[in-house]
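Quick notes on the structure that follows.
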Amino acid sequence: MSKYQLLPELSSIEFERLKSIIIQNGAIVPIEVDENGDILDGHHRVKIYGELPEPIINYPIIKRQFNTEAEKKAYVYKINEGRRHLST
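Below is the structure:
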């Protein structure tokens with residue numbers, strides 16, 4: 027598990043659905059990393075890119091800069107809250 031994979035893994039159905047979309051459309055949504063190159067957002071996408079018959083290695087990346095670990099973790103939750111079905 028990655029340092030900033032703070033949310034539960036996708037279910038196998040969700041993972042396969044995402045994989046299908048990536049196979050159809052390619053790498054569209056950038057992977058977000060911190061100043062050290064650690065993935066903040068896109069863990070599942072990177073895993074899928076490596077599993078493809080022709081792996082995607084040149085995917086778009088956005089590098090983010092933070093002052094603290096707490097800021098990084100808050101950012102991870104914030105960018106996922108609208109996309110994932112999260113409960114308390």
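In our numbering, the protein residues as written are 27 to 114.
Where a beta carbon is used, it is the ideal one built from N, C-alpha and C, also for glycine.
On a predicted model such as this, the values are computed, not experimentally measured, just so you know.
For lysine 104, same chain residues with a beta-carbon under 8 Å away, outside a window of 5 residues either side, do not exist. Using a Cβ-Cβ distance cut-off of 8 Å, the stretch 56 to 72 and the stretch 81 to 88 are in contact, since at least three pairs of beta carbons, one from each stretch, lie closer than that value. Taking the Cα of tyrosine 75 as reference, the smallest distance to any Cα among Gln91, Asn93, Phe92, Asn51 is reached at Asn51. If you look at isoleucine 57, you'll find it in the beta strand (DSSP E) that goes 57 to 59.
Secondary structure note for lysine 29: it is in no alpha helix (DSSP H), with a DSSP letter that is neither H nor E. In chain order, Ile74 place their CB closer than 7 Å to the CB of lysine 45, counting only its own chain and leaving out the 5 sequence neighbours on each side. Here the C-alpha atom of glutamate 42 lies approximately 27 Å from the C-alpha atom of alanine 100.
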